[in-house]
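Structure first, commentary second.
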Amino acid sequence: MITASVLILLGIGFTSAVILAVASKLLYVYEDPRIARVESVLAGANCGGCGYPGCAGAAQGVVEGRAGATVCVIGGDAVAEKVAAIMGLEFSSMEKQIAFVDCTGGVRAEEVYRYAGVKDCRAQHMLYSGSKMCPEGCLGFGTCVTACQFGAIEMGPNGYPVVDPNLCTACGGCEQVCPRGVITVWGMTARITHLNLETDCLAPCRQRCPGQINIPRYIEQVSRGDYAGALETIRERIPMPLSIGRVCPHPCEGVCRRGHVDEPVGINMIKRFAADWEMNSGTRLPISCAPDTGRKVAVVGGGPAGLSCAFFLRRLGHSPTIFESMPKLGGQLRYGIPEYRLPKAVLDWEIEGILDLGVDVRFGQFFGKDFTLSTLREEGFEAVFLGIGAWMNLNLRIDNEDAEGVSTGTEFLTKVGLGVDTDTGGKVVVVGGGNTAIDAARTSVRLGADVTLMYRRTRDEMPANIEEIVGAEEEGVKYLFLAAPTRIIKDDDGRVTHIEYIKMELGEPDQSGRRRPIPIDGSETLIEADTVYTAIGQKPELSCLYEDGICQLEETRWRTLAADPDTLQTALPHVFTGGDMHTGPALVITALGEGRKAARSIHQYLNGESPHVTERTQRDMIPYTMFTDVPNVGYRERSEMPHLIECDERSCTFGEIEGALSEEQAKHETCRCLRCGLTCYNRDLIDGQECTSGDCVKNQ
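The numbers in full-length UniProt numbering rise by one with no breaks, and the one at position 77 of the sequence shown is 77.
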């Protein structure tokens, strides 16, 4: 009996073993050994920041192709390189990503109703988009803080989140839970290709800046002594803060909210302070660039637009080559702006920093003569940027305009820039009211001439910068307003001796908003002159675009190059434009901004995308942010730019006139900034309190 039982048990055991052996062959689940190897090199935190359920899930995602080598958000390049080696992939370092808070609202934002619901930003946002008056401001409940698994975010004293860059892993959790878009996770490429959106936290100054510089951010950085950070912020939008700090007419200051209290913040002064700090430190700050893509782009024209386009293309990893007809780069910055406003040594230092990034240059190259769009294509350039500026001058269309001694202001300033003899006489008349006219007049004074500037409207209608108008007057330039030239009078040798002009009176406003000048019959008068410089406008020279009598690009009725206003792409998909060639004569900051915009579109084009912008791109000032009642702000005296050369010395030297603010002055000026958001701003007075001194409580 016992023997039988043992045999039965042995039989059952043997049968079970056979069944299990067969089942193991039939039901065997294969696990790729690379999963375990990948998991072994991951950080092992099982934090879930990658979006997978722990490191095992992340490893499986990598092996199955659902995640890349950079799946581990806290492991960095070291871990990504090991994962890539296991998977047999080529590894290249990633751009550093970081969470960025673009909000200056917080506790300052006015409430539209009392909220008593769940203390979660997402819950509050579901009720009329939240209780804050500012539609894009932080709601302040810290949902992003809770979502961050790495302790990288905390709610700051102003009621909006503050990110610790040393702890941020760019996992994106905070960005996902924020219902207002206050937090963005991005790297260098995303930052420099971002165009202002209506949903961004845009202070009026930032909306108005043609270069789209994040003005409140760099002012805040300067106030904290982070001058390097301020320059990094500025260079995400423009490459030439030294030059712009000297020549920009700062339209941003025209909409500064403090201007409704006392005087606008010296935004451009602060920018120049930061830029001069770097130049005078003796060390260049590093400028990061993406890994080389090997894509070749031709940049035609080495003026502000071309330099900006080349700068940002290089930062995006591409290989730009600038084709320049003149001996040196800079365009109108070099040949149109006098030394006393922008010293050429300063310009050279700034351009050298751009070229040092790896930008190639070919000098003495004339578009349409030495190369064409076709030859550039044959040479392997995959895209072309056209930024040749507006160098063709408009004529007065009066008798004897071709007399000896009559030339244009740009021709005169270019000769001065090249060091060529200008043959300027003792009595100079400059015709025009813009910055070129003022520059020609002030330069003539420095060459020893007696100068009169003739303008057909009044001083109030002059388009030149007010600082330049005042500066010219201080240096001895005489103004002849409400006068328009009608005839050049010359001697027997063909040399100008006088200008005949007719007196004007102002009528109704024209399309520019200025009152139209109307001639007064019978008021013709003569003024003596042996040199006349005309500066009444310029336009691009587009004849260089024609090949065999055919132009594949389109012109506008203003004789500029037609292009999509958002992407700057022309009728030829691989050709883009920007600067004065596209806009007509405009500000340097506008040309720099268009250079970046074009580089962004070229980057999209080279990546196989159709150049595009988002639907909410900001194009105009946002109406509800343009209020003029700015209560509870005390008066603060505006800093003044120091003069390096006084009035009685300026007319005999081309030395730079204005210096930079001192560190103390710069800090004072940053304290005048109200740190505006769309509708929020800092208030330093309690409701109803009046300011009794010029040094109110410091803005916090």
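Even glycine gets a Cβ: it sits at the ideal position worked out from N, Cα and C. Here the structure is a predicted model, which means the values were calculated and not measured.
query: Just to confirm my understanding: we take Ser610, look at its own chain, exclude 5 residues before and 5 after, and list those with CB closer than 8 Å. What are they?; result: Gln604
query: May I ask you to verify whether the segment 130 to 145 touches the segment 173 to 190, counting CB pairs closer than 8 Å and requiring at least 3?; result: yes
query: When DSSP labels each residue in this structure, what does Lys698 get in the three-state scheme?; result: The predicted position of Lys698 is uncertain, since its pLDDT is 48 and thus under 50; no value can be drawn from it.
query: Between the alpha carbons of Gly254 and Trp186, how many angstroms are there, rounded?; result: 31 Å
query: Is DSSP giving Ile98 helix, strand or coil here?; result: strand
query: Inspect the beta-carbon positions of Ala483 and Lys503 and report whether they are closer than 8 Å.; result: yes
query: Since Met155 is in the beta strand (DSSP E), which residue starts that stretch and which ends it?; result: 153 to 155
query: For the putative contact between Arg516 and Gly507, defined by C-beta atoms under 8 Å, what is the C-beta separation to the nearest angstrom?; result: 5 Å
query: When you compare each of Met133, Ser374, Ala99 to Asp548 by their alpha carbons, which one comes out closest?; result: Ser374
query: Between Lys132 and Gly156, is the Cβ-Cβ spacing less than 8 Å?; result: no
query: For Asp200, list the residues DSSP reports as bridge partners.; result: None; Asp200 has no bridge partner.
query: Buried or exposed for Gly140, going by 16 or more other Cβ atoms inside 10 Å?; result: buried
query: Taking the straight line between their C-alpha atoms, what separation do you get for Pro519 and Glu505?; result: 6 Å
query: Would you mind listing the beta strand (DSSP E) stretches within the segment 362 to 409 that are 3+ residues and don't spill past its ends, in chain order?; result: 383 to 386, 406 to 408
query: Can you grab the Cα-Cα spacing for the pair Glu350 / Met240, in whole Å?; result: 6 Å
query: What would DSSP say about Glu39, mapped onto helix, strand or coil?; result: helix
query: Given that a residue counts as buried once 16 or more other Cβ atoms are within 10 Å of its Cβ, and exposed if not, what is Cys647?; result: exposed
query: With a threshold of 7 Å on Cβ separation, who are the neighbours of Ala666 within its own chain once the five nearest residues in sequence on each side are excluded?; result: Val222, Ile270, Phe273
query: Which same chain residues end up closer than 7 Å to Gln700 when comparing Cβ atoms and leaving out the 5 residues on each side of it in sequence?; result: With a pLDDT of 41 at Gln700, under the threshold of 50, the modelled position of that residue is not reliable, and the figure given next carries that caveat. Cβ within range, chain order: Asn682.
query: Does Ile502 come out as helix, strand or coil in the three-state DSSP assignment?; result: strand
query: Rounded to whole angstroms, what's the CA-CA distance from Lys698 to Arg636? Just pull it up for me.; result: Note on Lys698: pLDDT 48, under 50, position unreliable in the model; no value is reported.
query: Using the Cβ count rule (16 or more neighbours within 10 Å means buried), how would you classify Asp356?; result: exposed
query: Can we say the segment 276 to 288 touches the segment 558 to 570, given the rule of at least three CB pairs closer than 8 Å?; result: no
query: Please tell me whether Arg295 and His260 are closer than 8 Å, where the distance is taken between their beta carbons.; result: no
query: Quick one: grab the DSSP three-state call for Arg559.; result: coil
query: Pick from Met87, Ala78, Glu81: whose alpha carbon is nearest that of Gly61?; result: Met87
query: Distance, Cα to Cα, Ala152 vs Gly173?; result: 11 Å
query: Looking at the strands, I want to know which residues DSSP matches up with Thr534.; result: Thr408, Val431
query: Taking the C-alpha atoms as reference points, what is the distance between Arg557 and Phe385?; result: 21 Å
query: In terms of DSSP beta bridges, what is Lys539 paired with?; result: Met392
query: Going by C-alpha to C-alpha distance, which of Cys309, Glu461, Asp292 sits closest to Arg235?; result: Cys309
query: Can you name, in chain order, every residue of its own chain whose Cβ lies under 7 Å from the Cβ of Met392, other than the five neighbours on each side?; result: Gln538, Lys539, Pro540, Glu541
query: With 16 as the cutoff for other CB atoms within 10 Å, does Gly364 come out buried or exposed?; result: exposed
query: Starting from the Cα of Ala109, find the closest Cα among Ser601, Gln689, Arg650, Cys680 and give me that residue.; result: Cys680
query: Where does His582 land, buried or exposed, given buried means 16+ other C-beta within 10 angstroms?; result: buried
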